[in-house]
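Residue numbers (UniProt numbering): 1 to 215.
Here a beta-carbon is modelled for each residue, glycine too, at the ideal position from N, C-alpha and C.
Note that the structure is predicted; figures quoted are calculated from it, not measured.
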């Protein structure tokens with residue numbers, strides 16, 4: 001299988017699972033530093049997994065987002081609401097057009113590297129709260145990336161209709177060590193267990209029957 005794909009890799013459960021599942025076609029991965037509370041911890045996990053799997057890793061600075069954009073995700077741990085993703089207060093964690101910006105940069109990087117595809121790990125659990133994770137957005141970006149590149153790069157999002165639990169089950173089969181992933185929106189040394197992404201992470205790990213120490 002040709003290594004023709006650039007993966008947008010946050011260092012969270014979903015994109016790390018995708019890295020492991022599609023490693024035979026992934027030529028490189030890119031992590032974006034955009035100023036979120038948990039950015040640095042996620043990036044360390046992204047780097048670790050790329051090193052473990054011998055995948056070229058790029059890190060790109062998008063710190064202007066943290067400077068100019070409004071989101072509790074960019075405003076310190078104390079600004080992060082607690083609860084489930086279907087709670088109205090979780091809307092504050094939306095970073096405006098984050099995936100649109102990241103995919104645009106990733107498309108430019110992929111074309112510069114002579115690659116054919118860009119891959120992202122959005123999933124169905126994101127759809128309710130994050131507009132730039134939904135199928136219609138992915139379809140629109142797929143068309144924009146193809147139309148806006150000379151080689152008509154393809155956007156691939158194979159987890160769009162999967163739940164996080166289903167993704168964790170795939171990771172379990174693949175042997176993914178989820179202790180080398182990070183999700184907590186508060187950005188502390190350990191997962192807080194109370195913010196939306198922590199709740200979803202715990203539910204997914206439980207669904208897959210995965211136990212982690214000190215998570």
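Chain-order list of residues whose beta-carbon lies under 8 Å from that of residue i (same chain, five-residue window excluded)
i           : result
residue 91  : 129
residue 26  : 3, 5, 6, 7, 19, 55 and 119
residue 209 : 172
residue 138 : 120, 122, 155, 157 and 160
residue 212 : 178, 179 and 205
Supposed contact pair residue j and residue i - C-beta distance, whole angstroms, cut 8 Å
i           : j           : result
residue 30  : residue 6   : 6 Å
residue 115 : residue 145 : Not a contact, Cβ separation roughly 12 Å.
residue 183 : residue 13  : 6 Å
residue 124 : residue 147 : Going by Cβ atoms, the distance from residue 124 to residue 147 rounds to 27 Å, so no, they are not a contact pair.
residue 200 : residue 149 : So it is not a contact: roughly 33 Å between Cβ atoms.
Coil, strand or helix - residue i by DSSP
i           : result
residue 198 : helix
residue 97  : coil
residue 220 : With the chain covering 1 to 215 only, the question about residue 220 has no answer from this structure.
residue 173 : helix
residue 154 : strand
residue 69  : coil
residue 55  : coil
residue 4   : coil
residue 161 : coil
residue 145 : helix
residue 60  : strand
residue 210 : coil
residue 26  : strand
Sequence-distant residues of the same chain with beta carbon closer than 7 Å to residue i, five excluded per side
i           : result
residue 106 : 6, 8, 30 and 118
residue 100 : 132 and 141
residue 49  : 16, 19 and 180
residue 69  : 95 and 96
residue 42  : 10, 11, 12 and 182
DSSP beta-bridge partners of residue i
i           : result
residue 20  : The partner list for residue 20 (beta bridge, DSSP) is empty, contrary to what the question assumes.
residue 215 : In the DSSP output, where bridge partners are listed per residue, residue 215 has none listed.
residue 181 : According to DSSP, which records beta bridges pairwise, residue 181 is partnered with nothing at all.
Nonlocal neighbours in the same chain, by C-beta distance under 6 Å from residue i, ignoring five residues either side
i          : result
residue 75 : none
Please confirm if the segment 168-175 is in contact with the segment 193-209, defined as three or more CB-CB distances below 8 Å between the two stretches.
The segment 168-175 makes contact with the segment 193-209, as at least three CB pairs between them are under 8 Å.
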